[in-house]
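Residues in the sequence shown are numbered consecutively from 1, following full-length UniProt numbering.
From the three backbone atoms N, C-alpha and C, an ideal C-beta is built for every residue, glycine too.
In this text the structure is predicted, and so the values were computed from the model without any measurement.
The structure appears below as structure tokens.
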Amino acid sequence: MNIHQVFEAFNTLRVLVIGDVMLDSYVWGKVERISPEAPVPVVNVSNREYRLGGAGNVLLNVQALGAEAIVCTVIGTDSSGDLLEKSLKEKGLNCEGLIRSDDRITTIKERIIAGSQQVVRIDTETDKPVSDKEKDRLVNKAKELIPSCNVIIFEDYDKGVLTAESIKEITDFAIEHNVPTVVDPKKRNFLSYNNVTLFKPNLKELREGLKVDFNVDNPAELEATVQQLKETLNAKGALITLSERGVIIDFKEEVHKLPAHIRQIADVSGAGDTVISIAACCVALGLPPRSIAGISNLGGGLVCELVGVVPIDKALLKTEAEKFGLV
Numbered sequence: 001m002n003i004h005q006v007f008e009a010f011n012t013l014r015v016l017v018i019g020d021v022m023l024d025s026y027v028w029g030k031v032e033r034i035s036p037e038a039p040v041p042v043v044n045v046s047n048r049e050y051r052l053g054g055a056g057n058v059l060l061n062v063q064a065l066g067a068e069a070i071v072c073t074v075i076g077t078d079s080s081g082d083l084l085e086k087s088l089k090e091k092g093l094n095c096e097g098l099i100r101s102d103d104r105i106t107t108i109k110e111r112i113i114a115g116s117q118q119v120v121r122i123d124t125e126t127d128k129p130v131s132d133k134e135k136d137r138l139v140n141k142a143k144e145l146i147p148s149c150n151v152i153i154f155e156d157y158d159k160g161v162l163t164a165e166s167i168k169e170i171t172d173f174a175i176e177h178n179v180p181t182v183v184d185p186k187k188r189n190f191l192s193y194n195n196v197t198l199f200k201p202n203l204k205e206l207r208e209g210l211k212v213d214f215n216v217d218n219p220a221e222l223e224a225t226v227q228q229l230k231e232t233l234n235a236k237g238a239l240i241t242l243s244e245r246g247v248i249i250d251f252k253e254e255v256h257k258l259p260a261h262i263r264q265i266a267d268v269s270g271a272g273d274t275v276i277s278i279a280a281c282c283v284a285l286g287l288p289p290r291s292i293a294g295i296s297n298l299g300g301g302l303v304c305e306l307v308g309v310v311p312i313d314k315a316l317l318k319t320e321a322e323k324f325g326l327v
């Protein structure tokens, strides 16, 4: 496939994103006085905005690539859940796998911003694992959707939607149906993702997850640790993001370490979400490991040039990928 065929083929994919979808709330205002009740600023609100967060940003990145992004998560029946569902639908995302539960609160992260300064962040959330009943609903919904999908992304933020049991059941079912599984892990379930296709931690998560320390600048030590990760999880492949050091991929008997693209870094927020989205779509198309790592690494660098959490610009990614000869 040449670069044009790859980017055209993204439009044919159905991508199931399973994990912790959240709502980000931004409240902007001005501070003109200190409260008489306590020595805190009074923020006079001028604007309020809701954005998709957590796995929601992965859904937006998948959609930006031209693929169909399908939500599979558990949220509450609270007002934040109503806002989250409305936000998903307004963005044109497929909500077939959206499960609402009376026993769960929806994660919302509210940032109060005065001028350009964040004054405080208020998190309303639970990180307790979903109940057995909710877990069964999630797994059954995933099993309904998997046969028609080209790849599954597990987007885990340790908020409790994904549990060791649901991960195993969904992965086993995906293997039976030859649907690849790509994982963006966090700490709690790190060692629960057995037999997946591609596992994508960052450097910190790799060290903490395996409880190992190693010299990342020593190629032999780095490759040995990535090999240890693959063997521990019996994963087919691993893609490790190394921030300013680039990425390393070990997949299909190939190992490639690619340097970061030198860019004007404005904000690293959301770069990992972009990387996992691109990697999953490339895995679904059966691209070679070097191309998977190269295009994902490039996409992560491009979104770092923008302030805030912003999905990838497909046209720009294609132009840059062509320039660097990444396919």
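Report the residue from the options whose alpha carbon sits nearest the alpha carbon of residue i.
i	options	result
residue 359	LEU88, ARG188, ASN234	Because the chain in this structure spans residues 1 to 327, residue 359 falls outside the shown range and cannot be described.
GLY92	ALA69, PRO288, TYR26, VAL212	ALA69
GLU96	LEU84, ASP103, VAL71	VAL71
THR124	LEU162, SER80, LEU145, VAL130	SER80
ASN61	GLU305, ASN297, ASP273, VAL283	ASP273
LYS133	ASN11, VAL161, CYS149	VAL161
VAL27	ARG14, VAL45, VAL216	VAL45
PRO259	LEU285, THR225, LEU233, ASN297	ASN297
GLU8	CYS282, VAL303, CYS304	CYS282
GLU205	VAL151, ASP156, ALA142	ASP156
ALA67	GLY115, ARG14, GLN5	ARG14
VAL43	ILE113, LEU59, VAL6	ILE113
ALA235	GLU208, ASN194, GLY246, ARG245	ASN194
VAL151	SER101, ASN189, GLN118, THR12	THR12
ALA271	ASN140, VAL303, GLU244, LEU326	VAL303
ARG137	GLU169, GLN117, LEU145, ILE99	ILE99
Write down the C-beta distance between residue i and residue j rounded to the nearest angstrom, noting that I regard them as a contact closer than 8 Å.
i	j	result
PHE154	ILE175	Contact flag wrong, Cβ pair sits at about 14 Å.
residue 328	GLU322	With the chain covering only 1 through 327, there is no way to say anything about residue 328.
LYS159	ASP184	Contact doesn't hold; Cβ gap of about 13 Å is too wide.
GLN228	LEU210	6 Å
VAL130	THR171	17 Å between Cβ atoms; not a contact.
GLU165	LYS135	6 Å
LEU287	THR232	Incorrect: roughly 25 Å between the Cβ atoms, too far for contact.
Alpha carbon to alpha carbon, how far is residue i from residue j?
i	j	result
ASN57	VAL17	10 Å
ASN94	VAL255	35 Å
LYS230	GLU49	41 Å
ILE248	LYS257	4 Å
GLY29	GLU90	25 Å
GLY300	LEU65	13 Å
VAL120	ILE276	29 Å
ARG111	ILE34	19 Å
ASN47	ALA284	40 Å
ALA279	VAL31	43 Å
PHE10	VAL212	37 Å
GLU85	SER148	23 Å
GLU305	HIS261	11 Å
ILE122	PHE324	42 Å
residue 383	ASP103	Missing from the structure shown is residue 383; the chain here goes from 1 to 327 and no further.
ARG245	LEU326	18 Å
VAL6	LEU59	19 Å
ASN140	SER101	15 Å
At least 3 beta-carbon pairs within less than 8 Å: the stretch 280 to 294 vs the stretch 69 to 82: For the pair of segments examined, the stretch 280 to 294 was found not to touch the stretch 69 to 82: the number of CB pairs separated by less than 8 Å stays below three.
Between the stretch 47 to 64 and the stretch 303 to 322, do at least 3 Cβ pairs fall closer than 8 Å? The stretch 47 to 64 is in contact with the stretch 303 to 322.
Just to confirm the assignment: which complete alpha helix (DSSP H) runs, minimum length 4, are found wholly within the stretch 62 to 89? Here no run is fully enclosed.
Counting Cβ pairs, one atom from each stretch, are 3 or more of them under 8 Å apart for the stretch 213 to 223 and the stretch 179 to 186? Flag = no, the stretch 213 to 223 and the stretch 179 to 186 do not touch.
Counting pairs of beta carbons, one from the stretch 35 to 47 and one from the stretch 237 to 254, are three or more of them closer than 8 Å? The answer is no - the stretch 237 to 254 does not touch the stretch 35 to 47, with fewer than three Cβ pairs under 8 Å.
Is the number of C-beta pairs between the stretch 189 to 201 and the stretch 233 to 245 that are closer than 8 Å three or more? Touching, yes, given that three or more Cβ pairs across the two stretches are closer than 8 Å.
Is the stretch 13 to 32 close to the stretch 102 to 109, with three or more CB pairs under 8 Å? Yes: at least three Cβ pairs fall under 8 Å.
Going residue by residue through the stretch 177 to 240, where are the continuous alpha helix (DSSP H) segments of at least 4 residues, counting only ones entirely within it? Fully contained in the stretch 177 to 240 are the following alpha helix (DSSP H) runs of length 4 or more, in chain order: 203 to 210, 219 to 233.
Could you name each continuous beta strand (DSSP E) segment of 3 residues or more that falls completely within the stretch 8 to 60, going from the start of the chain to the end? DSSP runs (the beta strand (DSSP E)) wholly in the stretch 8 to 60: 14 to 19, 21 to 34, 41 to 54.
4 or more residues per run - each alpha helix (DSSP H) lying fully within the stretch 262 to 306: Listed in chain order, they are 271 to 284, 289 to 303.
Can you list the alpha helix (DSSP H) stretches of 4 or more residues lying completely in the stretch 111 to 162, in chain order? Counting whole runs of 4 or more residues, the stretch 111 to 162 contains the alpha helix (DSSP H) stretches 132 to 145.
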